[in-house]
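Written below as structure tokens is the structure these notes are about.
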Amino acid sequence: MAKSALLKSSLAKKYWMAFTGLFLGLFLVGHLFGNLQLLIPVSEGARDQFNEYALFMTTNPAVKVLSYLTYLSIIFHAIDGVLLTIHNRKARPQGYVNFKPSTNSMWSSRNMGILGTIILAFIVVHMTMFWGEMKFGGLDDTVYTTANGEEVKDLYTLTIKTFQDAQYGLLWAIAYAFAMLAIGFHLSHGFSSGFQSLGVNHPKYNGFIKKLGMAFAVLVPLAFAVIPFYIHFVLEKI
Ligand code: HEM
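Here this note's numbering is used: the first residue of the sequence shown is 200, the next is one more, and so on.
What follows is the structure in structure tokens.
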């Protein structure tokens with residue numbers, strides 16, 4: 200391939216990485232707000248509310264489109280990430296005496312591939328635990344009618360019981376917190392780098408985008424990480 204074509208394809212990869220990455224960031228905010236409902240004190244109402252929300256998320260046509268875009272983005276972002284990591288490895292200037300990556304760049308920016316792999320593993324396990332049960336019949340025998348007369352699957356009880364389990368609940372909470380740490384580091388580089396790849400690169404705004412990215416990278420994963428511990432230690436047992 201000619202050098203300019205190579206450069207173009209690697210620029211296109213970076214562009215799509217950024218686009219899918221920032222879209223997944225939006226998904227995270229929406230998902231976080233949905234999950235915050237799990238903090239409501241245990242009651243029939245809390246169970247109905249979460250299960251009706253989950254039903255809406257899996258049946259509303261507009262949300263369905265967004266969900267398919269989310270799955271596609273995860274797959275595309277992961278494949279593109281692997282290709283970019285291989286490309287960057289090959290282009291690395293190994294032999295230079297002054298090549299000291301640790302002094303020139305952040306740890307997270309040099310380990311986006313490893314962080315991404317941990318996150319992908321988390322997503323596979325996580326979706327198998329909840330989304331897979333909801334979609335592929337695991338919750339079919341939990342269907343009941345809510346106070347509003349809606350037929351729902353009891354995803355609420357499955358989620359709460361997972362983190363309240365006497366044997367594995369705390370281990371799950373710790374595993375989730377570890378994955379959220381990886382997401383935090385991934386976002387601490389990815390957020391501002393995504394804007395740069397999309398061409399939002401101006402001395403007037405770069406500082407603000409960096410700070411916003413850091414705030415996002417700390418607050419969103421932290422809020423996610425708190426939920427399983429809250430369910431385990433604070434929420435009434437069901
Ligand atoms: C405390 C942390 C979390 C909890 C308790 C949780 C819980 C759930 C539950 C109950 C579902 C199935 C119902 C639904 O779609 O809302 C789900 C779906 C999903 N979760 Fe999470 N989640 C957490 C964090 C995350 C994180 C950090 C990610 C991404 C890195 C993620 C990615 C997904 C995806 C991709 C789906 C499928 C969504 C769809 O079908 O549109 N989750 N989660």
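Backbone N, C-alpha and C define an ideal beta-carbon position, used for all residues, glycine too.
Residue interval of the alpha helix (DSSP H) (run including A245): 243-258
Give every residue of the same chain whose Cβ lies closer than 8 Å to the Cβ of N282, excluding the five residues on either side of it in the sequence, and list them in chain order. Checking the sequence shown, residue 282 turns out to be Leu, not Asn. Closer than 8 Å at the Cβ level, and outside the excluded window around L282, lie K212.
Backbone secondary structure at V351 - three-state DSSP: strand
Can you tell me whether R288 is buried or exposed? The criterion is at least 16 other CB atoms within 10 Å of its CB, across all chains shown. exposed
Would you identify the three-state DSSP class for I437, choosing helix, strand or coil? coil
Can you tell me whether Y367 is helix, strand or coil according to DSSP? coil
Could you round the C-beta distance between P260 and E435 to whole angstroms and report it? I think they count as a contact, below 8 Å. At roughly 36 Å, the Cβ-Cβ gap does not stay under 8 Å, so P260 and E435 are not in contact.
Considering just the uninterrupted stretch of the alpha helix (DSSP H) at A422, what are its terminal residues? 402-432
Looking at G412 and S387, is the spacing between their C-beta atoms short of 8 Å? yes
DSSP puts A344 in a beta bridge; with which residues? Here the sequence assigns Thr to residue 344, which means Ala is not the residue at that position. Paired residues: E350.
Around the Cβ of A381, are there at least 16 other Cβ atoms within 10 angstroms (buried) or fewer (exposed)? buried
The ligand HEM heavy atom lying under 7 Å from the CB of W330: yes
Please report the straight-line C-alpha distance between I373 and E332, rounded to a whole angstrom. 22 Å
Take the Cβ of F335 as the centre, count every other Cβ of all protein chains shown within 10 Å, and call the residue buried at 16 or more, exposed below. exposed
Out of F218, I285, L354, which has the shortest C-alpha to C-alpha gap to F249? L354
With S307 as the anchor, note down where its alpha helix (DSSP H) starts and where it stops. 306-309
Inter-residue CB distance, L319 and A277 (contact presumed, cutoff 8 Å): 5 Å
Whole angstroms is fine: what's the gap from M200's alpha carbon to G280's? In this predicted model, M200 has a pLDDT of only 49, less than 50, meaning its place in the structure is not dependable; the value taken from the coordinates is given anyway. Taking the straight line from one Cα to the other gives about 21 Å.
Counted within 10 angstroms of its Cβ, other Cβ atoms place Y343 as buried (16 or more) or exposed: exposed
Going by DSSP, what residue range makes up the alpha helix (DSSP H) through G331? 330-334
Using a Cβ-Cβ distance under 8 Å, would H388 count as near chain B? Here chain B cannot be found, since the structure has a single protein chain.
Among F362, H385, M305, which has the Cα closest to the Cα of V425? F362
Could you compute how far the alpha carbon of F415 sits from the alpha carbon of A245? 28 Å
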